[in-house]
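J.: Chain order of the listed sequences is P and D. If you read the first sequence in my numbering, its first letter stands for residue 19, the second for the next number, and so on. If you read the second sequence in my numbering, its first letter stands for residue 19, the second for the next number, and so on. For each residue, glycine too, the CB sits at the ideal point set by N, CA and C. Predicted, not measured: the structure shown is a model, and the values here were computed from it. Encoded as structure tokens, here's the structure I'll be asking about.
Number of protein chains: 2
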Amino acid sequence: MRIAELSRRSGVSVATIKYYLREGLLPAGTTTGSPNQATYDEAHLRRLRLIRALIGVGGLSVVATRDVLAAIDDPDVDAHYLLGIAHRAVAPPRRPVPDAEAWQRARTEVEDLVRRRRWCISPDAPAMDQLTDVVAAMRALGMDELLAAIDGYADAAQAVAGYDLGTVAARAATVPPGDPQRRALMVGAVVTGTVLGEAMLSALRRLAQEDASGRIGPGDTRGATGTDPETA
Amino acid sequence: MRIAELSRRSGVSVATIKYYLREGLLPAGTTTGSPNQATYDEAHLRRLRLIRALIGVGGLSVVATRDVLAAIDDPDVDAHYLLGIAHRAVAPPRRPVPDAEAWQRARTEVEDLVRRRRWCISPDAPAMDQLTDVVAAMRALGMDELLAAIDGYADAAQAVAGYDLGTVAARAATVPPGDPQRRALMVGAVVTGTVLGEAMLSALRRLAQEDASGRIGPGDTRGATGTDPETA
């Protein structure tokens, strides 16, 4: 198909498609006769949908998307390693931590949690730092009640991770071992599951919060005006 | 305290504190004698820690942080309404949806889910649109296995929302009804719980995924090289 049809079928503008081509996110089409008349196939359409999901719904940057796509395309990258790349791509940028001692105490709390749950985690996993940042910030803000529920949070996270990995296994089961399609299916499931699964969980938590908050009722808080709005 | 001490105790640079003062995130200090000698108190320190947590750990923009702080400071805003403001602040920017029909089908799926779970949700909740975007993207990518687990995801989200709201209630219980501190405590818990709780859940899910992925083992995927890396 021509670029105009690729644009129509994907819902991505021609200008954006050309940008993805220039940035190396989308492989070049097959040139026919004139250089401005490249043609594209179904694989381009699928790749374009994946790019839109990662950037538009998953919130990944163009650079992070390129890293993830390169890992998907590399046949030497296995699914477990790819998970690490996907996690690095979605990891929020870190800021310098003001209080090194408090951060180290939070790190110990996180390491205790990992040990308590018998999770096997590589020490340089970006999520270890991410969780430590959150725990340190919560302690600094005096959010001890929420930190007391961290094992409940971890139970929920573990249940969801079970679904995520089950999805990958279900994908793999549709193709016999050794089939070249198998790896591509699995790595695709890992990446999209990490990025889109996170967006799904986040939206569902907000809906469940709204429901739970509505059940408590506004009467419990309205009218009790605060004098110290700094207290968080 | 002077700005230099506020900087030392909060770990935020003097330049950044001045930026927050200019942008209206941090209230001005009390001026003493010379205009460059304003003094700050513990409330400024607490507010600064809250700003750093929202921006640095929660990933909020300065504009979104200002909206959230304005809502916290407004005594007419109750905790349930504030939850909506916090959700809007953390909602990812939306992109135009390419396929309006597919989006509408995804919306029906989301509405069915909300009905099935007997969740009470306002129709304009940003999380409804957010979840619809995710479901539409997953359907377009053929991620039907993960969507089949959406009720399992919703169970986990509901469990976590229970902890979140329990935290708010626990905070409120420390102060008698009618006490002016009560509202400030609750709204603070709602905002920080929404933003930091999300970062905590996200980090825990990644750790649980890494553990689950490691247990499956790399042997299942390595060596099965793909020929169609477009397949996601």
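Mind checking which residues open and close the alpha helix (DSSP H) that includes residue 161 of chain D?
T.: Within the second sequence, residue 161 of chain D is the residue found at index 143, counting from 1. Unbroken run through residue 161 of chain D: none, as it is neither H nor E.
J.: For residue 48 of chain D, which residues does DSSP report across the bridge?
T.: Taking the first residue of the second sequence as 1, we reach residue 48 of chain D at position 30. Paired residue(s): D:57.
J.: Exposed or buried, which one is residue 210 of chain D when buried takes at least 16 other CB atoms within 10 Å?
T.: Translated into the one-based positions of the second sequence, residue 210 of chain D becomes position 192. By the 10 Å Cβ count, residue 210 of chain D comes out buried.
J.: What are the residues in the stretch 212-226 of chain D lying within 8 angstroms of chain P by C-beta distance?
T.: Within the stretch 212-226 of chain D, the qualifying residues are 212, 214, 215, 216, 217, 218, 219, 220, 221, 222, 223, 224, 225 and 226.
J.: Residue 25 of chain P lies in the alpha helix (DSSP H); which residues open and close that run?
T.: Along the first sequence, one-based indexing puts residue 25 of chain P at 7. Taken as a continuous stretch (DSSP letters only), the alpha helix (DSSP H) holding residue 25 of chain P covers 21-28.
J.: When DSSP labels each residue in this structure, what does residue 69 of chain D get in the three-state scheme?
T.: Taking the first residue of the second sequence as position 1, residue 69 of chain D is located at position 51. Three-state result, residue 69 of chain D: helix.
J.: Roughly how many angstroms lie between the CA atoms of residue 215 of chain P and residue 159 of chain D, to the nearest whole one?
T.: Along the first sequence, read from residue 1 onward, the residue named residue 215 of chain P stands at position 197. Along the second sequence, read from residue 1 onward, the residue named residue 159 of chain D stands at position 141. Rounded to the nearest angstrom, the two C-alpha atoms are 13 angstroms apart.
J.: Return the residues of the stretch 166-180 of chain D that lie within a Cβ-Cβ distance of less than 8 angstroms from chain P, sorted by chain order.
T.: The residues in question are 167, 168, 170, 171, 172, 173, 174, 175, 176, 177, 178, 179 and 180.
J.: Using a Cβ-Cβ cutoff of 9 angstroms, what residues of the stretch 132-156 of chain D are near chain P? List them in chain order.
T.: For the stretch 132-156 of chain D, which is checked against every Cβ of chain P, the residues closer than 9 angstroms are 132, 135, 136, 137, 138, 139, 140, 143, 144, 145, 146, 147, 148, 149, 150, 151, 152, 153, 154, 155 and 156.
J.: Is DSSP giving residue 232 of chain D helix, strand or coil here?
T.: The residue you call residue 232 of chain D lines up with position 214 of the second sequence. In the structure shown, residue 232 of chain D sits in a helix (DSSP, three-state: H, G or I).
J.: Closest Cβ-Cβ distance between residue 185 of chain P and chain D: below 8 angstroms?
T.: The sequence position of residue 185 of chain P within the first sequence is 167, counting from 1. Chain D, which has a Cβ nearer than 8 angstroms to the Cβ of residue 185 of chain P, makes this yes.
J.: Among P:226, P:95, P:178 and P:195, which residue has its Cα nearest to the Cα of residue 229 of chain D?
T.: Within the second sequence, residue 229 of chain D is the residue found at index 211, counting from 1. The candidate whose alpha carbon is nearest that of residue 229 of chain D is P:178.
J.: Is it true that the stretch 35-44 of chain P meets the stretch 64-76 of chain P, where meeting means three or more beta-carbon pairs spaced less than 8 angstroms apart?
T.: As far as the Cβ criterion goes, the stretch 35-44 of chain P touches the stretch 64-76 of chain P, which means the pair count is three or higher.
J.: Decide if residue 182 of chain P is buried, meaning its Cβ has at least 16 other Cβ atoms within 10 Å, or exposed.
T.: Position 164 of the first sequence, counted from the first residue, corresponds to residue 182 of chain P. Result: buried.
J.: Take residue 223 of chain D as the anchor and find which of P:79, P:105, P:194 and P:75 has the nearest alpha-carbon.
T.: As a position in the second sequence, residue 223 of chain D is number 205, starting the count at 1. The shortest C-alpha separation from residue 223 of chain D is found at P:105.
J.: Going by DSSP in three states, residue 95 of chain P sits in which element: helix, strand or coil?
T.: Position 77 of the first sequence, counted from the start, is the residue given in the question as residue 95 of chain P. Coil.
J.: Determine, for residue 231 of chain P, whether the minimum Cβ-Cβ distance to residues of chain D falls below 8 angstroms.
T.: Working through the first sequence from its first residue, we reach residue 231 of chain P at position 213. So, interface residue.
J.: At the level of alpha carbons, what is the spacing between residue 33 of chain D and residue 124 of chain D?
T.: Translated into the one-based positions of the second sequence, residue 33 of chain D becomes position 15. Translated into the one-based positions of the second sequence, residue 124 of chain D becomes position 106. So the two alpha carbons sit approximately 47 angstroms from each other.
J.: I'd like the list of long-range same chain contacts for residue 247 of chain P, defined as Cβ closer than 6 angstroms, with 5 residues on each side in sequence excluded.
T.: Numbered from its first residue, the first sequence carries residue 247 of chain P at position 229. Any answer about residue 247 of chain P is weak, because its pLDDT of 37 lies below 50 and its placement is not dependable; what the coordinates show is given next. Closer than 6 angstroms at Cβ, skipping near neighbours: no residue.
J.: Do residue 73 of chain D and residue 253 of chain D count as a contact pair if the criterion is CB distance below 8 angstroms?
T.: As shown, chain D starts at 19 and ends at 250. That puts residue 253 of chain D outside it, with no answer to give.
J.: Whose Cβ in chain P lies nearer than 8 angstroms to the Cβ of residue 161 of chain D?
T.: As a first step, residue 161 of chain D must be located in the second sequence, where it is residue number 143. The contacting residues are 185, 207, 210, 211 and 214.
J.: My guess is that residue 27 of chain D and residue 63 of chain D are in contact by the Cβ rule of under 8 angstroms, so how many angstroms apart are they, rounded?
T.: For the purposes of this step, residue 27 of chain D is identified with residue 9 of the second sequence, where counting begins at 1. For the purposes of this step, residue 63 of chain D is identified with residue 45 of the second sequence, where counting begins at 1. Rounded, the Cβ-Cβ distance is 6 angstroms, consistent with contact.
J.: Near residue 65 of chain D, which residues of its chain fall below 7 angstroms by C-beta distance, leaving aside the five closest residues on each side in sequence?
T.: By 1-based counting over the second sequence, the position of residue 65 of chain D is 47. Within the same chain, residue 65 of chain D has close Cβ partners 44.
J.: Can you give the beta carbon distance from residue 225 of chain D to residue 143 of chain P, rounded, assuming they're within the 8 angstroms contact cut?
T.: Within the second sequence, residue 225 of chain D is the residue found at index 207, counting from 1. Within the first sequence, residue 143 of chain P is the residue found at index 125, counting from 1. Right, their Cβ atoms sit about 7 angstroms apart.
J.: State yes or no: is the beta carbon of residue 75 of chain P nearer than 8 angstroms to at least one beta carbon in chain D?
T.: Working through the first sequence from its first residue, we reach residue 75 of chain P at position 57. Output row for residue 75 of chain P: interface = yes.
J.: Helix, strand or coil for residue 129 of chain D per DSSP?
T.: Translated into the one-based positions of the second sequence, residue 129 of chain D becomes position 111. DSSP places residue 129 of chain D in helix when its eight states are reduced to three.
J.: Can you confirm whether residue 29 of chain D, when its beta carbon is compared against all beta carbons of chain P, has any partner nearer than 8 angstroms?
T.: In the second sequence, the residue the question calls residue 29 of chain D occupies position 11. So yes, residue 29 of chain D belongs to the interface.
J.: So residue 101 of chain P packs on residue 208 of chain P, CB below 8 angstroms; how close in whole Å?
T.: Residue numbering aside, residue 101 of chain P sits at position 83 when the first sequence is read from its first letter. Residue numbering aside, residue 208 of chain P sits at position 190 when the first sequence is read from its first letter. Indeed they touch by this definition, with Cβ atoms about 5 angstroms apart.
J.: Within the continuous alpha helix (DSSP H) that includes residue 74 of chain P, where are the two ends?
T.: The residue given as residue 74 of chain P occupies position 56 in the first sequence. No alpha helix (DSSP H) contains residue 74 of chain P, which DSSP labels as neither H nor E.
J.: With distance defined between alpha-carbon atoms, name the residue in D:107, D:75 and D:98 nearest to residue 87 of chain D.
T.: Taking the second sequence and counting its residues from 1, one reaches residue 87 of chain D at position 69. The candidate whose alpha carbon is nearest that of residue 87 of chain D is D:107.
J.: Kindly say whether residue 9 of chain D, judged by its beta-carbon, lies nearer than 8 angstroms to any beta-carbon of chain P.
T.: As displayed, chain D neither begins before 19 nor continues past 250, which places residue 9 of chain D out of reach and without an answer.
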